[in-house]
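Q: Questions regarding the structure given below will be posed in turn.
Residue numbers (the working numbering): 13 to 331.
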């Protein structure tokens with residue numbers, strides 16, 4: 013807060029009546045004291061020269077104790093100071109906005125009726141012109157349209173008759189071709205009947221030969237896998253120097269890698285995990301690098317890398 017000798021007191025407190033000129037809000041303590049002094053000065057009363065009055069009584073705050081007359085005098089003094097402040101600054105005082113300002117005066121009813129009548133007349137004229145043009149067009153095309161309709165009907169009848177005859181002929185051709193195919197198949201079946209009669213009949217509960225072949229193939233795959241595992245176990249326990257011919261290189265085919273149609277997905281994943289770890293170049297060097305023959309070391313490691321890449325490619329296609 014601050015004081016101005018010319019324009020009076022300006023309180024920035026939003027809830028102070030001295031600031032917002034609202035009679036329903038109270039004064040703050042400082043504004044109440046200043047207001048009391050301003051009212052006394054405007055009414056001609058003597059202002060105290062010290063901490064007390066001339067009669068020795070102390071100055072008491074007048075917050076909430078003003079009379080209606082004092083309030084009116086204070087409002088008049090405030091407005092006078094505002095007018096003088098505007099005159100000194102050269103900026104005219106802006107009037108407060110009117111909350112109940114009137115809207116622009118609407119057009120009278122007769123003006124609106126005139127505008128509506130003109131628009132209606134224009135719409136009716138346009139509709140009449142369109143209807144008249146359509147009537148003239150219908151009159152010009154009436155005779156020609158009847159002849160054209162008769163010609164179109166006769167053409168449609170001819171087309172339907174031709175279509176019916178062509179469809180009937182096509183259907184007859186299909187029946188004949190089916191009959192010829194049936195007779196050819198019947199003759200072939202009759203020619204094969206003696207050969208089928210000489211074969212022994214299969215019992216109802218007997219498995220077809222295909223199932224036996226699949227079981228044999230599955231058994232062969234299991235034997236190949238077991239042999240490869242035994243060879244690798246023997247190679248891993250080897251304590252001598254390792255040459256190219258000593259490494260049990262796997263057969264890179266689907267049967268040896270357990271990728272046949274009889275293997276389940278779990279068996280394929282287990283085989284891939286075992287082979288990928290076994291033939292990984294880094295793991296192979298870590299396990300057998302110290303035992304490799306010096307002059308064949310590079311060739312052995314290169315072939316191990318090729319085997320690892322082939323295994324990954326084959327399992328990637330089947331998993």
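Ideal Cβ positions, reconstructed from N, Cα and C, are used throughout, including at glycine.
For clarity, every value in this text was computed on a predicted model and none was experimentally measured.
(1) Tell me which residues share the same chain as residue 320 and place their Cβ nearer than 8 Å to its Cβ, disregarding the 5 neighbours each side in the sequence.
(2) Can you check whether the CB of residue 318 is closer than 8 Å to the CB of residue 256?
(3) Using the Cα positions of residue 281 and residue 190, report the straight-line distance between them to the nearest angstrom.
(4) Compute the Euclidean distance between the alpha carbons of residue 147 and residue 127, then round it to the nearest angstrom.
(5) Near residue 322, which residues of its chain fall below 7 Å by C-beta distance, leaving aside the five closest residues on each side in sequence?
(6) Taking its Cβ as the centre, do 16 or more other Cβ atoms sit within 10 Å of residue 80, making it buried, or is it exposed?
(7) In chain order, what residues of the same chain have a beta carbon less than 8 Å from the beta carbon of residue 237, not counting five sequence neighbours either side?
(8) In chain order, what residues of the same chain lie with their CB nearer than 6 Å to the CB of residue 186, ignoring the 5 residues before and after it?
(9) Going by C-alpha to C-alpha distance, which of 50, 254, 325, 326 sits closest to residue 302?
(10) Would you please state the rounded distance, in angstroms, between the beta carbons of residue 262 and residue 247? I believe it to be under 8 Å.
(11) Quick one, are the C-beta atoms of residue 89 and residue 50 less than 8 Å apart?
(12) Does residue 304 pass the burial test, meaning 16 or more other C-beta atoms within 10 Å, or should it be called exposed?
(13) Just verifying my parser: in three-state terms, what is the DSSP assignment at residue 324?
(14) Determine the direct distance from the alpha carbon of residue 312 to that of residue 258, and round the result to whole angstroms.
A: Straight from the coordinates:
(1) Within the same chain, and ignoring the five residues on either side of residue 320 in sequence, the residues whose Cβ sits closer than 8 Å to its Cβ are 288, 291, 292, 293.
(2) no
(3) 52 Å
(4) 31 Å
(5) 264
(6) exposed
(7) For residue 237, where only same-chain residues beyond five positions count, the Cβ hits under 8 Å are 268, 270, 283.
(8) none
(9) 254
(10) For a cut-off of 8 Å, the C-beta gap from residue 262 to residue 247 is around 11 Å, too long to register as a contact.
(11) yes
(12) buried
(13) Helix, per DSSP.
(14) If I take the Cα positions, the gap works out to 10 Å.
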